[in-house]
Amino acid sequence: MLHPTTASFNESFDIPDIVQALRDVRLTSLEQRHRRNKPPKLPSRKSLQEVVDGLSAALFPNRLGTPGLKEESVDYFVGYTLDAALRELNTQIQLELRYSADTGHDKTPSAEAAFNKARAFARTLPQIRKLLDTDLDAAFEGDPAARSLDEVLVCYPGISAIINYRLAHELHQLGLPLIARIISELAHSATGIDIHPGAAIGEGFFIDHGTGVVIGETAVIGRHVRLYQAVTLGAKRFPTDEHGHLIKGSARHPILEDDVVIYAGATILGRITIGAGSVIGGNVWLTRSVPPGSQVTQAKTQEHAVNETAQ
0 MLHPTTASFN ESFDIPDIVQ ALRDVRLTSL EQRHRRNKPP KLPSRKSLQE VVDGLSAALF
60 PNRLGTPGLK EESVDYFVGY TLDAALRELN TQIQLELRYS ADTGHDKTPS AEAAFNKARA
120 FARTLPQIRK LLDTDLDAAF EGDPAARSLD EVLVCYPGIS AIINYRLAHE LHQLGLPLIA
180 RIISELAHSA TGIDIHPGAA IGEGFFIDHG TGVVIGETAV IGRHVRLYQA VTLGAKRFPT
240 DEHGHLIKGS ARHPILEDDV VIYAGATILG RITIGAGSVI GGNVWLTRSV PPGSQVTQAK
300 TQEHAVNETA Q
C-alpha cells in the first residue's frame, strides 16, 4: 500500500483538482449508464479466487488441501472447506443477481434465488470430480514426461485451467455468466490459457503445455481431445444486426468431434466441424470442415488453397 510522504520542498501534484476531474468523469459515465444514484456492486475477483481454491481443495483434499491432512480427518476437512466456499459463493451470486437485475431493470432478486443456485451448483461437484479424473488420466497417458497423476494435478497449467473451466461452466449453465467469466479469467491470468465458460467440453480433455490456447464461447469439444500450445478455436467473422451492432451468442466457433488432436499454433476458425479422429498439424490455418480421420498439414492446406484458386 502506498503512503503519502512529506515533501522536502514545495511540491504539488494538484491532487484536489485531479480528484474533482476524476469525479466529474466518473459521474458522467454513471449517468450515461443510468447508474448515478446506486452503481451496482460486482462480484469480487479476490473472493472468487478464494472460492475456487476452497472448491479445488474439497475436490482433491489429499493433494490440494491442507498439508499433512490425516485420513480420518479428510471428510471433516472437505465438509468444513465446502461450507466456507459455498457460503462465499452464495454471497457472490447475490451480487451478480442484483447486478443483473439493476442493468436489466428487473425486480430485485431474492436471497432464496441466490441460495438455490448455489445449492444446485454444489450438487454438481461429484460429477465435476469425475470429469476431472478423466482429464487427469488423459494428461498422464498423453504425456510421456508425466511421472504420476499427482504431478499432473499439482504441476500442469492445463489441468489448473480445466479445473477452473469445469467449475465455471456449471455456473455459466446456471445463469451466472459474470461469475463464470471471472473464474475462467483467473485461470487465464495464471496460465495463459483462455477457455470461455460457455464452451462445451467432453471428458478426457488434455491441453499440453497450454500457453496461448484460446477456446471460444460456442466451441464444442468432444471426448478425448488433445490440444497443444497456441491453438486457437475462434470465430471467422462477427455478424452484426441492422444497426451494425455485434450479434451476441451466435454459434461461431468450431466443433471438434471425439479423439481429435490439434498441434501447436494451429488456428481453426468459424462454425466448422473437425471429424472424429482427425489430426491437425502445427501452424495450420483452417476455415473449412474436414471429415473423420483427416490428417491436415500446412502443405495440404496450401495445396487446397491453390486448387481452389485455379478453379
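Per numbering that gives the first Met the number 0, numbering of the sequence shown is gapless, rising by one per residue and ending at 310.
Cβ coordinates follow ideal geometry from the N, Cα and C atoms, glycine included.
query                                                                                                                                                               : result
Out of curiosity, what's the CA-to-CA distance linking Ile273 and Glu256?                                                                                           : 6 Å
Whose C-beta lies closer than 6 Å to the C-beta of Val73 among residues of the same chain, with five residues either side of it excluded?                           : Pro60
If you draw a straight line from the alpha carbon of Pro291 to that of Arg118, how long is it in whole angstroms?                                                   : 40 Å
Check each candidate in Ile267, Val224 and Gln172 and name the one with the smallest Cα separation from Asp258.                                                     : Val224
On the criterion of 16 or more Cβ atoms from any shown chain inside 10 Å, does Gln93 qualify as buried, or is it exposed?                                           : buried
With DSSP run on the structure shown, which of helix, strand or coil describes Gly264?                                                                              : coil
Out of Gly67, Phe12 and Arg97, which has the shortest C-alpha to C-alpha gap to Pro42?                                                                              : Arg97
Which residues does DSSP pair with Leu255 in a beta bridge?                                                                                                         : Ile220 and Ile273
If you follow the beta strand (DSSP E) that Gly233 is in, where does it begin and where does it stop?                                                               : Thr231 to Gly233
Using the Cβ count rule (16 or more neighbours within 10 Å means buried), how would you classify His244?                                                            : exposed
Roughly how many angstroms separate the alpha carbons of Pro156 and Gly209, rounded to a whole number?                                                              : 7 Å
If Ala186 and Ala160 are in contact, beta carbons under 8 Å, what's the gap, nearest whole angstrom?                                                                : 4 Å
Under 6 Å Cβ to Cβ from Thr266, same chain only, skipping five residues before and after it: list those, please.                                                    : Thr231 and Trp284
On the criterion of 16 or more Cβ atoms from any shown chain inside 10 Å, does Lys45 qualify as buried, or is it exposed?                                           : exposed
I think Gly269 touches Lys235, with their Cβ atoms under 8 Å apart; what is that distance to the nearest whole Å?                                                   : 3 Å
Is the CB-CB distance between Val50 and Gln19 below 8 Å?                                                                                                            : no
Below 7 Å CB to CB, which residues in the same chain sit around Arg342 once its five sequence neighbours on both sides are set aside?                               : With the chain covering 0 to 310 only, the question about residue 342 has no answer from this structure.
Alpha carbon to alpha carbon, what distance is there between Arg287 and Val305?                                                                                     : At Val305 the pLDDT is 48, less than 50, meaning the model places this residue with poor confidence; the figure from the coordinates comes in the next sentence. Cα to Cα, the separation comes out at about 15 Å.
Just to confirm before moving on: does the CB-CB distance between Gly67 and Phe76 stay below 8 Å?                                                                   : no
Can you list, in chain order, the residues of its chain whose CB lies under 7 Å from that of Gly211, leaving out five sequence neighbours each side?                : Gly191, Gln228 and Ala229
Run through DSSP, which three-state label would Phe205 get?                                                                                                         : strand
Given this structure, state the Cα-to-Cα distance separating Asp134 from Leu88, to the nearest angstrom.                                                            : 25 Å
Considering just the uninterrupted stretch of the alpha helix (DSSP H) at Phe114, what are its terminal residues?                                                   : Ala110 to Ala121
Ile271 and Val295 - do their beta-carbons sit closer together than 8 Å?                                                                                             : no
Can you name the start and end residues of the alpha helix (DSSP H) that Ala57 belongs to?                                                                          : Arg44 to Leu58
Please list, in chain order, all residues of the same chain as Ile127 whose beta carbon is under 8 Å from its beta carbon, the five residues on each side excluded. : Leu58, Arg165, Leu166 and Glu169
If the criterion is Cβ atoms closer than 8 Å, does the pair Ala275 and Phe204 meet it?                                                                              : no
Apply the 10 Å Cβ neighbour rule to Ser312 and answer buried if 16 or more other Cβ atoms are within range, or exposed otherwise.                                   : Absent from the structure is residue 312, since the part of the chain shown begins at 0 and ends at 310.
To the nearest angstrom, how far is the alpha carbon of Ala250 from that of Ile214?                                                                                 : 13 Å
Go to Gly141, then tell me how far its alpha helix (DSSP H) extends in each direction, as first and last residue.                                                   : Leu124 to Gly141
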